[in-house]
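For reference, the structure is listed below as structure tokens.
Protein chains: 2
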Amino acid sequence: MSQFFEHHVFFCCNKRAAPDASCENHGASELQAYAKDRIRELGLAGKGSIRINKAGCLGRCDDGPVLVVYPEGVWYTFVDREDIDEIITEHLQHGRVVERLKR
Amino acid sequence: MSQFFEHHVFFCCNKRAAPDASCENHGASELQAYAKDRIRELGLAGKGSIRINKAGCLGRCDDGPVLVVYPEGVWYTFVDREDIDEIITEHLQHGRVVERLKR
């Protein structure tokens, strides 16, 4: 079946009150916004291409911060913009899973 | 590739200020909460089974309110709890696409 988006990325942006850990406490929304901007700059945003979304708690707190790429269902953790850049270049642009960040 | 969730459902819960239409202005969050509760009641929540999530704007405003079911990438619109019940029973429990709600 053809997909509306070739890659649809969801960042967990759930925030819990301290001292509980949560993806948002690790900068998820800032890195989601960064990814969205980069995809737009690369001309890859939109139907038939890539969409970068925020989501509520994705239920994998122990592996967080996490994002998931559908339809392939590959999950990643990340620390900084360099990790996001690698996911964009390797996975989203070239279809190569980034094993070191996979969860 | 095996998927962490058999079905991962994202409701667009984006809200725009009136008079602009948005999924949230059509009760998306309330129906997302209803779906989440129903999946839990049916014992279908969690790893290897079903996850019901909120998401930001999914970029299909003209077809809204919308949800998407991954990994299959099937998009639905919905009006009320009866529509959500049909998506749960037909698609999520029995793998049959609900053609009348598909977008």
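Going down the list, the sequences are from chains A and B. Numbering follows numbering that gives the first Met the number 0, in which position 7 of the first sequence is assigned residue number 6; successive positions increment by one, without gaps. Numbering follows numbering that gives the first Met the number 0, in which position 43 of the second sequence is assigned residue number 42; successive positions increment by one, without gaps. Even for Gly, the Cβ is constructed at its ideal location relative to N, Cα and C.
In the DSSP assignment, find the unbroken beta strand (DSSP E) run with residue 53 (chain A) in it and report its ends.
Where residue 53 (chain A) is concerned, the enclosing beta strand (DSSP E) stretches over 49-54.
What does residue 70 (chain A) reach in chain B if we use C-beta pairs closer than 9 Å?
By Cβ distance, chain B contributes 69, 70, 71 and 72.
When the cut-off is 8 Å and only beta carbons count, does residue 54 (chain B) lie next to chain A?
yes
Starting from residue 57 (chain B), find everything on chain A with Cβ-Cβ shorter than 8 Å and list it in chain order.
Simply 50 and 52.
For residue 35 (chain B), which residues from the same chain have a beta carbon less than 6 Å from its beta carbon, with the 5 sequence-adjacent residues on both sides left out?
51
Please state whether DSSP places residue 44 (chain A) in a helix, a strand or coil.
strand
If you draw a straight line from the alpha carbon of residue 15 (chain A) to that of residue 63 (chain A), how long is it in whole angstroms?
Their backbone Cα atoms lie some 13 Å apart in a straight line.
Would you mind working out which of A:87, A:13 and A:67 sits nearest residue 111 (chain A), comparing C-alpha positions?
Residue 111 (chain A) lies beyond the range of chain A shown here (0 to 102); nothing can be said about it.
Between which residues of its own chain and residue 48 (chain A) is the CB-CB distance below 6 Å, once the five residues before and five after are set aside?
Only 5 meet the Cβ criterion.
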